[in-house]
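Below is one structure; the comments refer to it alone.
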Amino acid sequence: MRIATWNINGIKARLELLLRWLEEEKPDIVGLQEIKSVDDGFPKAEIEALGYNVETHGQKSWNGVALLSKVPFDEVHRGLPGDAEDEQSRLIEGVFSVEGGVVRVCNIYLPNGNPVDTEKFPYKLRWMDRLNRFVEERLTLEEPFVLMGDFNLIPAPLDAHDPDAWWGDALYRPESLEKFRILRNMGMTDALRAITAEQAFTFWDFQAGAWRRNAGIRIDHLMLSPQAADRLDDVVIHKDVRGWDKPSDHVPVEGAFSF
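If you want it as structure tokens, here you go:
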């Protein structure tokens, strides 16, 4: 089973890009972030025509997440528990039947947090606390669990072309990294780092020729429960998609599993 995450940066602007990639790669499950669309405005028909089931948790103009799956959904959950007043659409989870049991796939768009001297950064940290409580509960199920998406977090200096330039940004500062360490210390495995220690990026800004200079960062991750990590075969970053016409600033990151 091939499971991928991709911050599409606007589904309406990138629909042709998405359809081309789905037709070429045919992943089994895809999590999209930053769809920037309400549920009714999401182009389900075009994607369903390629054989996918589609579930969304949208929001007008901002945020929004979606799950596309060739496997039927057994369950769908929308929204991160823990704050009834949080109206931002940043999490959708699907449960799927596979041979021998189920796979739980949770797709997130973690808050950016910038500028750090505004309410956006405390919101990011509170969201990460809620996420960690959510994951802790999921781990008690002892089932294959894939937490994936745009984490808006640079885990280590290796994950940035120029880490010194990023230090202090909401994506790469002590408070954010501490929350991420808590997630890992629960037993969640960074899929890419389970496969390779080589430098790799998933995001290149549209500014300052970042793509041309390969001045990227790695902020799109697949984090795996022990039961999912045991089934991981490979991770592929589809870097070439960044060079396509009218790309997103993120590229798909795909895990291959023996489910």
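First residue of the sequence shown? That's 1 in the UniProt record's numbering, and the numbers climb one at a time after it.
Glycine included, each C-beta is placed from N, C-alpha and C at the ideal position.
Starting from asparagine 53, trace the alpha helix (DSSP H) both ways and give me its first and last residue.
Position 53 of the sequence shown, counting from 1, holds the residue named residue 53. No alpha helix (DSSP H) holds asparagine 53; the beta strand (DSSP E) holding it covers 53-57.
Are aspartate 74 and glycine 94 close, meaning C-beta to C-beta below 9 Å?
Translated into the one-based positions of the sequence shown, residue 74 becomes position 74. Translated into the one-based positions of the sequence shown, residue 94 becomes position 94. Inclusion of aspartate 74 and glycine 94 in the CB contact set at 9 Å is warranted, their separation being smaller than that value.
Classify glutamate 34 as buried or exposed, calling it buried when 16 or more other Cβ atoms lie within 10 Å of its own Cβ.
For the purposes of this step, residue 34 is taken as the residue at position 34 of the sequence shown. Burial call: buried.
Ignoring anything shorter than 3 residues, give me the beta strand (DSSP E) runs that lie fully in the stretch 5-60, in order along the chain.
For the stretch 5-60, whole beta strand (DSSP E) runs of length 3 or above, ordered along the chain, are 29-33, 53-57.
Helix, strand or coil: how does DSSP classify aspartate 185 here?
Along the sequence shown, one-based indexing puts residue 185 at 185. In the sequence under discussion, the amino acid at residue 185 is asparagine, which differs from the aspartate named in the question. Helix, per DSSP.
Residue closest to residue 264, alpha-carbon to alpha-carbon, out of Lys70, Phe42, Gln59:
Residue coverage of the chain in this structure runs from 1 to 259, which leaves residue 264 outside it and unanswerable.
Beta carbon of isoleucine 3, beta carbon of leucine 22: below 9 Å?
Here residue 3 refers to the residue found at position 3 when the sequence shown is read from its first residue. Here residue 22 refers to the residue found at position 22 when the sequence shown is read from its first residue. Contact: no.
Option nearest methionine 186 by Cα separation, candidates Ile29, Pro144, Ser225
On the sequence shown, residue 186 is found 186 positions in, with the first residue counted as 1. Among Ile29, Pro144, Ser225, the Cα nearest to that of methionine 186 is on Ser225.
Who are the near neighbours of arginine 14 in its chain, counting only those whose CB is closer than 6 Å to its CB and skipping five residues on each side?
Looking up residue 14 in the sequence shown gives position 14. Correct list, in chain order: Ile8, Ser248.
Where threonine 56 falls, given that 16 or more other Cβ within 10 Å makes a residue buried:
As a position in the sequence shown, residue 56 is number 56, starting the count at 1. So threonine 56 ends up on the buried side.
Quick check: what's the CA-CA separation for lysine 239 versus tryptophan 211?
The residue labelled residue 239 in the question sits at position 239 within the sequence shown. The residue labelled residue 211 in the question sits at position 211 within the sequence shown. Rounded to the nearest angstrom, the two C-alpha atoms are 10 Å apart.
8 Å CB neighbourhood of asparagine 132 in its chain, flanking five on each side removed
As a working note, residue 132 is residue 132 in the sequence shown. Here the set comprises Lys179, Ile182, Leu183, Met186.
Less than 8 Å between the CB atoms is what I'm expecting for isoleucine 195 and aspartate 220, so what's the real figure, rounded?
Here residue 195 is taken as the residue at index 195 of the sequence shown, counted from 1. Here residue 220 is taken as the residue at index 220 of the sequence shown, counted from 1. About 15 Å separates the two Cβ atoms, so there is no contact after all.
Within the stretch 168-236, note down every full beta strand (DSSP E) run reaching 3 residues or more, in order along the chain.
The qualifying runs are 220-224.
For valine 135, write down the residues that DSSP places opposite it in a beta bridge.
The sequence position of residue 135 within the sequence shown is 135, counting from 1. Partner(s): none; valine 135 has no beta bridge.
Give the range of the alpha helix (DSSP H) segment to which aspartate 164 is assigned.
Your numbering for residue 164 matches position 164 in the sequence shown. Note, aspartate 164: alpha helix (DSSP H), 163-166.
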